[in-house]
Each structure stands twice: as structure tokens, then as C-alpha cells.
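In terms of full-length UniProt numbering, the sequence shown opens at residue 1 and continues consecutively.
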Amino acid sequence: MSTDTGTILRVRGPLEFECLLESKDAPKTLRVISNTFETLQAQVKSESCVLRVCDSPVFIWPNQNFHATPREITPETQCEDLQQWIQTDEQESAGKRSVKKKTKKTSTANVINLQLMMEVTTKGGPLPGPVLIRTVEPSHFLSTTLPMDCVVSTSCKETIKDAFERLLEALAQQLCEMEKVMLQHMKGMSLPVPEPHHFLLPEPKGLVTVVYPEGMPDSQLEKQRQELHKKFELPDDWPYFRKANAYHFPNEPYKDGYLRNPHVVLTNPSLDNGEVYLVRGIYSYHHYMQDRMDDNGWGCAYRSLQTICSWFQQQGLTEQSVPTHKEIQKALVEVGDKQASFVGSRQWIGSIEVQAVLNQLLGVTSKIMFVSQGSELGSKGRELANHFQTEGTPIMIGGGVLAHTILGVAWSQTTGQIRYLILDPHYTGAEDLQLITDKGWCGWKGPDFWDQTAYYNLCLPQRPKVI
Numbered sequence: 001m002s003t004d005t006g007t008i009l010r011v012r013g014p015l016e017f018e019c020l021l022e023s024k025d026a027p028k029t030l031r032v033i034s035n036t037f038e039t040l041q042a043q044v045k046s047e048s049c050v051l052r053v054c055d056s057p058v059f060i061w062p063n064q065n066f067h068a069t070p071r072e073i074t075p076e077t078q079c080e081d082l083q084q085w086i087q088t089d090e091q092e093s094a095g096k097r098s099v100k101k102k103t104k105k106t107s108t109a110n111v112i113n114l115q116l117m118m119e120v121t122t123k124g125g126p127l128p129g130p131v132l133i134r135t136v137e138p139s140h141f142l143s144t145t146l147p148m149d150c151v152v153s154t155s156c157k158e159t160i161k162d163a164f165e166r167l168l169e170a171l172a173q174q175l176c177e178m179e180k181v182m183l184q185h186m187k188g189m190s191l192p193v194p195e196p197h198h199f200l201l202p203e204p205k206g207l208v209t210v211v212y213p214e215g216m217p218d219s220q221l222e223k224q225r226q227e228l229h230k231k232f233e234l235p236d237d238w239p240y241f242r243k244a245n246a247y248h249f250p251n252e253p254y255k256d257g258y259l260r261n262p263h264v265v266l267t268n269p270s271l272d273n274g275e276v277y278l279v280r281g282i283y284s285y286h287h288y289m290q291d292r293m294d295d296n297g298w299g300c301a302y303r304s305l306q307t308i309c310s311w312f313q314q315q316g317l318t319e320q321s322v323p324t325h326k327e328i329q330k331a332l333v334e335v336g337d338k339q340a341s342f343v344g345s346r347q348w349i350g351s352i353e354v355q356a357v358l359n360q361l362l363g364v365t366s367k368i369m370f371v372s373q374g375s376e377l378g379s380k381g382r383e384l385a386n387h388f389q390t391e392g393t394p395i396m397i398g399g400g401v402l403a404h405t406i407l408g409v410a411w412s413q414t415t416g417q418i419r420y421l422i423l424d425p426h427y428t429g430a431e432d433l434q435l436i437t438d439k440g441w442c443g444w445k446g447p448d449f450w451d452q453t454a455y456y457n458l459c460l461p462q463r464p465k466v467i
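Spelled out as C-alpha cells, the structure:
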């Protein structure tokens with residue numbers, strides 16, 4: 001499923017899993033659990049199933065001859081037209097009932113969120129009264145909520161009737177996957193809660209959904225990841241299916257407030273016979289004055305290091321949180337690089353210290369590239385391109401009293417032309433993507449960006465080759 005074009009339908013909602021186990025006999029227990037999942041499958045396929053388009057007045061009964069409200073919604077309505085019924089926050093605050101205006105298409109797919117619901121009333125009169133059964137045999141009542149979360153990608157002209165049929169099939173398939181996970185990881189009378197995760201794989205595979213047991217760490221799911229890599233014919237040197245690497249939908253803000261991958265909105269430079277080599281994966285932009293920390297004038301290398309740490313965290317390669325300035329300083333004291341008085345100071349650090357902290361806190365090794373003067377950086381195109389091809393990690397570069405993060409290079413093997421994609425930690429403003437990119441705080445720079453006479457050290461973190 002591609003996220004580049006078209007519309008993504010995402011349906012979420014709880015399904016209540018409840019069953020009574022009157023025997024500890026394993027085959028009977030498995031049979032009761034399977035029967036419960038069959039009942040849930042029947043619910044999804046029943047006429048009581050309702051899908052609501054979030055932030056809109058649209059309700060759809062996909063199993064009632066595709067009945068929908070408002071009446072303008074018909075089975076032949078195209079999926080992308082549902083966007084017109086979704087109300088924006090601005091319209092709601094203004095007290096308007098007007099529908100959402102169509103906006104200029106971007107390279108990111110539109111996401112339409114749907115809520116999975118079940119009607120509790122019937123058209124055939126009153127509901128039957130409750131039945132009480134008394135038993136003297138010991139029994140176990142198992143109850144949990146299944147967090148359904150399915151996505152399907154639609155083409156530009158696909159009708160909602162066709163797309164919702166696929167969506168219901170996806171819900172049924174997800175219930176099958178949840179049953180497998182629940183039975184596989186069941187311990188006695190304790191059932192794990194199956195949790196769906198979406199992962200964006202290289203094209204043409206696109207977006208796929210995997211169900212893991214809730215709360216189980218990645219370290220205990222390596223066998224499942226190996227099977228998934230084999231199923232989708234993926235190399236074993238990238239953590240495609242680690243939980244931290246789950247796809248982040250474009251319409252959902254990050255809770256921590258940091259910008260992610262600001263470089264993706266930039267236009268790559270065009271060089272004669274040149275190619276572009278970029279950081280791979282997700283990182284957060286860390287810069288001066290964030291986290292209620294006034295490090296203006298001395299903390300640029302700390303911020304570059306934080307950006308690198310965020311990359312390892314968000315690829316699922318470490319569970320270590322992004323370190324604070326004080327935690328970075330403590331790590332340098334622990335490895336014997338600094339005296340105890342360094343903690344709490346405003347002293348600069350450089351590439352060598354960044355290398356030491358990455359190894360101490362994350363267990364990550366790094367290569368150091370020494371450049372005796374900035375004018376020599378123009379000849380490092382091949383080495384930098386190779387780094388982004390093989391490792392894909394952000395690079396910290398320090399020279400004089402300044403530190404920056406290199407996110408990529410555009411380099412021509414024939415002419416030697418080179419441009420550097422720079423993420424500048426010296427920015428002190430708010431998380432304003434347009435301002436940051438328009439003013440060049442994240443942007444492409446030429447060889448003259450560097451002080452031609454200053455020496456530079458580059459820290460090139462090495463990526464663990466694991467799944």
C-alpha cells in the first residue's frame with residue numbers, strides 16, 4: 001500500500017472480547033477462544049456494523065446495501081470526496097457548518113479516519129431480556145478490548161463501496177491475526193492484548209500492518225521479525241518491523257513537539273551527472289533553547305548529538321531516551337574524558353566527545369574523519385556519499401567553535417561538484433517548519449559554507465546491522 005498518492009482509509013475502534021472458560025482442558029479452551037473470534041467476525045459482517053467518518057456528519061452502514069447519511073453519499077461516491085464532509089478545527093471554532101475545502105495535493109496521501117461502531121438497537125422490536133445461568137462449577141471469565149486499527153489505500157477514482165468492502169476484509173483479516181497472537185502468547189488463563197502496528201516498507205510494498213502482543217519488547221519479538229523479513233523479502237540489516245519504527249500518519253502531531261525530518265520539504269539541488277545521498281529514516285530536529293534550556297552560544301554540539309540520538313531511538317535501535325545536556329556531561333565524566341566539575345558547566349564539546357557519548361549511552365561506534373582545513377571538505381564527496389548509502393545516519397561536524405549536522409550530500413562523481421544538506425542547531429526560534437526551511441536553518445549549502453582555513457572533525461555514527 002503506497003502512501004505517495006491517493007487516499008488512505010483508516011478505521012479504528014474497540015471490539016469487546018469476552019468468553020467463559022468452564023474447563024482447563026487446553027483443546028476446549030482454544031475452541032472457546034476461536035468461537036469468540038468467529039462471533040466478532042460475524043459482528044463486523046453484520047448489518048449492525050457502522051463506520052463513521054471522524055469530524056463529519058457521515059455515517060455508513062456497509063452491510064445494509066451500503067446505506068449512508070447524509071443522502072448525498074452514495075455507493076458510487078469516490079473516496080477522496082469524503083474529504084469535503086470533514087470539518088476543520090478552524091471552521092468548528094468559527095461556528096460554521098461549512099465543509100472542508102479541497103487543498104492543493106501534496107506528495108503525502110490524504111488520511112480519512114473512520115470510527116468502528118456497532119448499533120445496539122434492532123429494527124425488529126425490543127431486545128430480548130437477559131438470561132441468568134447459575135453454575136456451581138469453577139470457571140474463568142476472560143474479558144479484554146481489542147484495539148482494531150486497519151488501513152487500506154485507495155486509488156483516485158475508487159468508489160467508497162469498493163474501498164469499504166476491502167476495509168471490512170481487512171478488519172476480518174486483522175481479527176484472524178489477533179487470534180493467532182492471542183493463542184500463541186497465552187499463558188494459563190492470562191491472555192495478551194493483540195496490538196496492531198503499521199509499517200512503511202520500500203516500494204512497491206508500501207504500508208503493511210503487523211499485530212504484536214501489547215507490552216512485549218522488541219527483544220522478545222526477533223523471531224516474528226525474522227519471519228516478516230522473509231515473507232516480504234527484506235534485507236536483515238534494517239529494523240523495518242521494530243515498534244519504534246512504526247509509520248507515523250501525517251495527520252497526527254508528535255506529542256513531544258519536536259519537528260521530524262524538516263529536510264523532506266526541500267528541493268534537492270541539480271548537479272551535472274550528480275546524485276543525492278540522504279539520511280535514512282526518522283530523526284528529530286534539536287536546536288538551541290529547546291527543553292527550557294538556555295544553551296545559546298555553547299550547546300550546538302550537544303544539540304547535534306541529540307539529533308543523532310533521536311535517529312537511533314526512532315529507528316528502534318535503542319530504547320535509550322534522547323539525553324539531556326547534563327546526562328551527556330555525566331557520560332563524559334563516566335568514561336574518564338572529563339572531570340566531575342564538567343557536569344553542569346557551559347563548556348563546549350566536539351566530535352570526539354560525541355563519539356564517546358554515543359558509545360557510552362547507546363553502544364554505538366563511530367568513525368572520525370579529520371579535515372585539516374575547510375577547503376578540503378569539497379573533496380570528501382565520495383566518502384560522505386558512501387556513508388549515507390551504507391549507514392544512513394546523521395553526521396556531526398565540528399570546527400572552530402561551531403557544530404552542525406550533515407543530513408546528506410549532492411555529489412557529482414564526474415565534475416566533483418558538491419552540496420551539503422545542513423541541519424543547523426544554532427536556531428533559537430519556535431518549531432516553525434516554513435521559517436526553518438525558508439531561512440536556511442535546514443537547507444542545502446555549498447563548499448563556501450565552511451571556514452576554508454579552520455580544521456574540522458566529523459563524527460560518522462555506524463549503524464548496527466540488525467533487524
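Ideal Cβ positions, reconstructed from N, Cα and C, are used throughout, including at glycine.
Bear in mind the structure is a predicted one, so any value in this text is a computation, not a measurement.
Assumed close pair residue i, residue j - CB separation to whole angstroms, cut-off 8 Å
| i | j | result |
| --- | --- | --- |
| Trp-311 | Thr-393 | 6 Å |
| Thr-159 | Gln-78 | 6 Å |
| Gly-374 | Trp-450 | 4 Å |
| Cys-150 | Gly-6 | That belief does not hold up - the Cβ atoms of Cys-150 and Gly-6 are roughly 16 Å apart, past 8 Å. |
| Asp-337 | Glu-327 | Between Glu-327 and Asp-337 the Cβ distance is about 14 Å, and since that is not below 8 Å, they are no contact. |
| Phe-17 | Leu-146 | 5 Å |
| Ile-397 | His-387 | About 12 Å separates the two Cβ atoms, so there is no contact after all. |
| Tyr-288 | Arg-303 | 7 Å |
| His-263 | Leu-433 | Not really, about 10 Å apart at Cβ, beyond 8 Å. |
| Thr-307 | Thr-405 | 5 Å |
| Leu-259 | Glu-391 | Not confirmed; about 23 Å, so no contact. |
Classification of residue i by the beta-carbon crowding that lies within 10 angstroms, buried from 16 upward
| i | result |
| --- | --- |
| Tyr-254 | exposed |
| Pro-80 | It is Glu, not Pro, that sits at residue 80 in the sequence shown. Classification of Glu-80: buried, given that the 10 Å Cβ count is 16 or more. |
| Phe-199 | buried |
| Gly-381 | buried |
| Phe-164 | buried |
| Gln-424 | Checking the displayed sequence, the identity of residue 424 turns out to be Asp instead of Gln. With 16 or more Cβ atoms within 10 Å of its Cβ, Asp-424 is classed as buried. |
| Leu-435 | exposed |
| Thr-365 | exposed |
| Gly-13 | buried |
| Ala-26 | exposed |
| Gly-408 | buried |
| Val-11 | buried |
| residue 492 | The chain is shown from 1 up to 467; residue 492 falls before or after that span and cannot be answered. |
| Ser-139 | exposed |
| Arg-419 | buried |
| Lys-104 | Here Lys-104 scores only 34 on pLDDT, less than 50, and its place in the model is too uncertain to base an answer on. |
Between the CA atoms of residue j and residue i - distance to the nearest angstrom
| i | j | result |
| --- | --- | --- |
| Gln-462 | Ala-331 | 19 Å |
| Arg-31 | Val-181 | 15 Å |
| Ile-467 | His-67 | 45 Å |
| Gln-329 | His-426 | 19 Å |
| Leu-171 | Gln-224 | 21 Å |
| Phe-141 | Arg-242 | 33 Å |
| Leu-458 | Gly-400 | 12 Å |
| Glu-76 | Pro-192 | 40 Å |
| Met-178 | Thr-144 | 12 Å |
| Thr-121 | Leu-20 | 25 Å |
| Asn-261 | Ile-133 | 59 Å |
| Glu-92 | Pro-57 | Summary for Glu-92: the model assigns pLDDT 46, below 50, so the residue's position carries little reliability; its value from the coordinates is reported in the next sentence. Taking the straight line joining both Cα atoms gives about 13 Å. |
| Leu-82 | His-248 | 22 Å |
| Val-211 | Trp-61 | 26 Å |
| Arg-52 | Glu-119 | 12 Å |
| Ala-340 | Ile-349 | 15 Å |
| Glu-222 | Asp-448 | 46 Å |
| Gln-389 | Leu-278 | 8 Å |
| Trp-298 | Gln-347 | 7 Å |
| Val-111 | Arg-166 | 16 Å |
| Gly-129 | Ser-46 | 21 Å |
| Leu-201 | Pro-194 | 22 Å |
| Glu-137 | Gly-188 | 18 Å |
| Ile-73 | Ser-48 | 19 Å |
| Ser-190 | Gly-206 | 35 Å |
| Thr-69 | Val-208 | 30 Å |
Those residues which DSSP pairs with residue i across a bridge
| i | result |
| --- | --- |
| Val-210 | His-197 |
| Arg-12 | Gln-115, Asp-149 |
| Glu-275 | Trp-411 |
| Ile-406 | Ile-395, Ile-422 |
| Trp-450 | None; Trp-450 has no bridge partner. |
| Met-369 | Leu-458 |
| Gly-443 | Ile-422 |
| Leu-21 | His-140 |
| Phe-59 | Arg-52, Thr-69 |
| Gln-78 | Thr-159 |
Taking one C-beta from the stretch 293-304 and one from the stretch 260-275 each time, how about it: are there three or more such pairs within less than 8 Å? no
Can at least three beta-carbon pairs, one atom from the stretch 439-457 and one from the stretch 300-319, be found at a separation below 8 Å? no
Count the C-beta pairs between the stretch 412-422 and the stretch 352-365 that are closer than 8 Å, then say yes if the count reaches three, no if not. Result no; under three Cβ-Cβ pairs closer than 8 Å.
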